[in-house]
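**Q** Chains E and A, in that order, give the protein sequences. If you're matching positions, the first sequence starts at 1 in this note's numbering and goes up one per residue. If you're matching positions, the second sequence starts at 1001 in this note's numbering and goes up one per residue. Glycine included, every Cβ here is placed at the ideal spot set by N, Cα and C. Right, I'll just put the structure down here and ask away after.
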Amino acid sequence: MMVAVAREQGIPPFERFYQAHRDEVLAYLRRLLGQRAEDAWQETFLRALRAYDRLEHGRHLRAWVFTIATRVAMDELRAKPRLPLDAEPAVELRRDAFREIEHLTDDLPPTERAAVVLRYAYDLPYGDIAEALGSSEEAARAAASSGVRRLRRSQ
Amino acid sequence: MTVDDQLDDRFRAAAIREGLVDVRYDMIDSPVGELAIAATNRGLCRISYGVDGFDDELAHVFGVRVIRAPLDEVRRELAEYFAGARREFDLPLDLRVASFQEGVLAALGRVPYGITTTYGALAREAGHPTAARAVGTVMNRNPIPIVLPCHRVVGANGSLTGYAGGLDRKRFLLQLEGATLAL
């Protein structure tokens, strides 16, 4: 019965989901964690597998796995969510502009780093980034914005 | 950036070790072409000549946590069978079929190596003497061909009749086992 529901709502067999996202999730975690990415990558897909048979539909699986990866990375970095809530106007970057300063993201605080990378390297909407960071959409936008400002200062 | 084989293998092994997988599958080469094979924790659950849509069917029947991983025991026993070195399989099976099918497949599993039987005889053996046609349907939908030897079931006149994997494969398997064929 549950399986019939799963099929109807388009949850692919786990293997197909895994093959579709394993490489980009590893690349993302490398950006956040460097050499420590591999253990976090395995933990991400084990967590995904633990939850996979309880999914109610197969939509937004990419955003979902990035959410898990972000949480694993945050645990790894032992970062408490320190979201900047300053009142400065939001800063946005074009993707090609991001590429020029991407190498500097290593020095950002973890939350800003995740927000900036998810926004500009993976093109996730702020709603999904907020989900990944466990914050509001406003706070996610503020974190990315603050990260971009910090990157520009360190350029 | 791609996930290398070592990392990939490590993840698959961890997933299985932690009991997070509903069903695993693998592809193997054989003298009758590529075979898709699958097993749950209970045992071998599928052998298929067709590879397309195999993972979807597994997800539908056994659960969405489907992972590709080596099935060494199944691979080994099939290799021995195709080499003529194995006449019976020792693999545990996970059938999950209705009781009529289960009874018929159990009777099928008792048909000896290299011997043919008929749909009618198998129906009698399964305790449903008038159900030869229904037995034919069960053979056609046999989830574990080769190991459950539906290739040993032929028409009353000795003709090969049908086989889900095609008559060439049926003929090959019977010749491998040294069965005497009418045609």
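(1) Do you know whose CA, among A:Asp1026, A:Arg1169, A:Gly1166 and A:Pro1149, lies nearest alanine 1107 (chain A)'s CA?
(2) Rounded to the nearest angstrom, what separates alanine 69 (chain E) and leucine 1091 (chain A) at their Cα positions?
(3) The region 1001-1022 of chain A: which residues have C-beta closer than 8 Å to a C-beta of chain E, in chain order?
(4) From what residue to what residue does the beta strand (DSSP E) around arginine 1068 (chain A) run?
(5) Just verifying my parser: in three-state terms, what is the DSSP assignment at threonine 1118 (chain A)?
(6) Just to check my reading of the structure: phenylalanine 14 (chain E) and leucine 49 (chain E) have Cβ atoms closer than 8 Å, yes? What is that Cβ distance to the nearest angstrom?
(7) Output needed for leucine 77 (chain E): all residues of its chain with C-beta closer than 8 Å, excluding positions within five of it in sequence on either side, in chain order.
(8) Ignore the nearest five residues each way along the sequence and tell me which others in glycine 1178 (chain A)'s own chain have a CB closer than 8 Å to its CB.
(9) Exposed or buried, which one is methionine 1139 (chain A) when buried takes at least 16 other CB atoms within 10 Å?
(10) Can you pull the DSSP bridge partners for tyrosine 1025 (chain A)?
(11) When the cut-off is 7 Å and only beta carbons count, does isoleucine 11 (chain E) lie next to chain A?
(12) Which bits of chain E does aspartate 1056 (chain A) rub up against, with CB to CB less than 7 Å?
(13) Around the C-beta of leucine 83 (chain E), are 16 or more other C-beta atoms found within 10 angstroms, so that it is buried, or is it exposed?
(14) Using a C-beta to C-beta distance shorter than 7 Å, which residues of chain A count as neighbours of tyrosine 52 (chain E)?
(15) When the Cα of glutamate 1073 (chain A) is compared with those of A:Ile1037, A:Gly1155 and A:Ala1098, which residue comes out closest?
(16) Considering isoleucine 1047 (chain A), what are the terminal residues of the beta strand (DSSP E) in which it resides?
(17) By the three-class DSSP mapping on this structure, what secondary structure does proline 1145 (chain A) have?
(18) Just to make sure I have the definition right: I need the residues of chain A whose C-beta is within less than 8 Å of the C-beta of arginine 99 (chain E). Which are they?
(19) How would you write the range of the alpha helix (DSSP H) that phenylalanine 1254 (chain A) sits in, first residue to last?
(20) Quick check: is any heavy atom of the ligand MG less than 6 Å from the C-beta of valine 1066 (chain A)?
**A** Working from what's here:
(1) For the purposes of this step, residue 1107 (chain A) is identified with residue 107 of the second sequence, where counting begins at 1. Distances from the CA of alanine 1107 (chain A) to each of A:Asp1026, A:Arg1169, A:Gly1166 and A:Pro1149 were compared; the closest alpha carbon is that of A:Pro1149.
(2) As a working mapping, residue 69 (chain E) is identified with position 69 in the first sequence. As a working mapping, residue 1091 (chain A) is identified with position 91 in the second sequence. For alanine 69 (chain E) and leucine 1091 (chain A), the gap between their C-alpha atoms comes out near 38 Å.
(3) Per Cβ criterion, the list reads Met1001, Thr1002, Val1003, Leu1007, Asp1008, Arg1010, Phe1011, Ala1014, Ala1015, Glu1018, Leu1020, Val1021 and Asp1022.
(4) Counting from 1 along the second sequence, the entry for residue 1068 (chain A) is found at position 68. Note, arginine 1068 (chain A): beta strand (DSSP E), 1066-1068.
(5) Sequence index remark: in the second sequence, residue 1118 (chain A) carries index 118 (1-based). Residue state for threonine 1118 (chain A) is assigned as strand, using DSSP reduced to three classes.
(6) Here the question's residue 14 (chain E) lines up with position 14 in the first sequence. Here the question's residue 49 (chain E) lines up with position 49 in the first sequence. In this structure, phenylalanine 14 (chain E) and leucine 49 (chain E) form a Cβ contact; the two beta carbons are roughly 6 Å apart against a cut-off of 8 Å.
(7) For the purposes of this step, residue 77 (chain E) is taken as the residue at position 77 of the first sequence. Result list for leucine 77 (chain E): Leu32, Leu33 and Pro110, in chain order.
(8) Stepping through the second sequence from its first residue, residue 1178 (chain A) is reached at position 178. These residues qualify, in order along the chain: Gly1114.
(9) Numbered from 1 along the second sequence, position 139 holds the residue referred to as residue 1139 (chain A). Methionine 1139 (chain A) comes out buried.
(10) Locating residue 1025 (chain A) in the second sequence gives position 25, where the first residue counts as 1. Assignment of beta-bridge partners to tyrosine 1025 (chain A) by DSSP yields A:Ala1038 and A:Arg1068.
(11) Position 11 of the first sequence, counted from the start, is the residue given in the question as residue 11 (chain E). For isoleucine 11 (chain E), the answer is yes, since a Cβ of chain A falls inside 7 Å of its Cβ.
(12) In the second sequence, counting from the first residue as 1, residue 1056 (chain A) sits at position 56. What aspartate 1056 (chain A) touches in chain E: Pro13.
(13) Translated into the one-based positions of the first sequence, residue 83 (chain E) becomes position 83. Because leucine 83 (chain E) sits at a pLDDT of 41, beneath the cut-off of 50, its placement in the model cannot be relied upon, and the point is left open.
(14) As a first step, residue 52 (chain E) is located in the first sequence; it is residue number 52 there, counting from the start. Near tyrosine 52 (chain E) (Cβ distances below 7 Å), the residues of chain A are Val1064 and Arg1065.
(15) Along the second sequence, read from residue 1 onward, the residue named residue 1073 (chain A) stands at position 73. Comparing Cα positions, the closest option is A:Ile1037.
(16) On the second sequence, position 47 is the one that residue 1047 (chain A) refers to. Counted as a single uninterrupted DSSP element, the beta strand (DSSP E) harbouring isoleucine 1047 (chain A) occupies residues 1044-1048.
(17) By one-based count along the second sequence, residue 1145 (chain A) stands at place 145. Three-state DSSP puts proline 1145 (chain A) in a strand.
(18) Translated into positions along the first sequence, residue 99 (chain E) becomes position 99. In chain order: nothing, as chain A lies at least about 16 Å away.
(19) Only positions 1001 to 1183 of chain A appear in the structure, and residue 1254 (chain A) is not among them; the question remains open.
(20) Only the bare structure without any ligand can be found here, which leaves the ligand MG out of the picture.
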